[in-house]
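Worksheet for the structure shown next.
In full-length UniProt numbering, the protein residues as written are 1 to 136.
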């Protein structure tokens, strides 16, 4: 087997393994997660387009949802949201503390996994370029 292909396969396998583990992380709090989303949608029907997409995308939009909730929990400005939407910050006060901690952990884990994924792909690409510089 070609060495560069083997390195790329290992990087992809590790990345896939990490992503599979990441898929199970939200499953232990999925009922609370769904309840928070449905309560938010009932109380605040106006959402900017990107967050509306994230809210309705299920697991694949969970990173965007965790970003959104972490920003309103920390009382920071949310991208694409008007600054006059004070009621979103009031909603953040009604979220249970264990769910708040879960959102923060999930958001941090998402960022760490993105960095790891990028690092694995960068390492594999560099390794391919080092092994076969004449193939480009």
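Think of the CB as a built atom: it goes at the ideal place given N, C-alpha and C, for glycine as much as any other residue.
Annotated three-state conformation of residue 57 is coil, per DSSP.
Cα atoms of residue 120 and residue 80: separation of roughly 32 Å, rounded to the nearest angstrom. For residue 77, there is no enclosing alpha helix (DSSP H), as DSSP marks it with neither H nor E. The Cβ atoms of residue 36 and residue 99 lie closer than 8 Å to each other. Taking a contact to require three or more Cβ pairs closer than 8 Å, the region 49-56 and the region 110-126 do not qualify as touching.
Residues 120 of the same chain have their beta carbon placed closer than 7 Å to that of residue 14, with the five preceding and five following residues left out of the count.
The criterion of a C-beta distance shorter than 8 Å is satisfied by residue 70 and residue 107. DSSP places residue 48 outside both helix and strand once states are collapsed to three, so it counts as coil. C-alpha of residue 6 to C-alpha of residue 117: approximately 17 Å in a straight line. Around residue 3, the same chain offers 131 as residues with beta carbons nearer than 7 Å, after the five sequence neighbours per side are excluded.
Under the rule that a run must span 4 or more residues, the alpha helix (DSSP H) segments found entirely inside the region 81-136 read 87-92, 97-131. Around the beta-carbon of residue 97, fewer than 16 other beta-carbon atoms lie within 10 Å, marking it exposed. Within a 10 Å sphere around the beta-carbon of residue 24 sit fewer than 16 other beta-carbons, which makes this residue exposed. Residue 103 is positioned such that its CB atom lies closer than 8 Å to that of residue 73.
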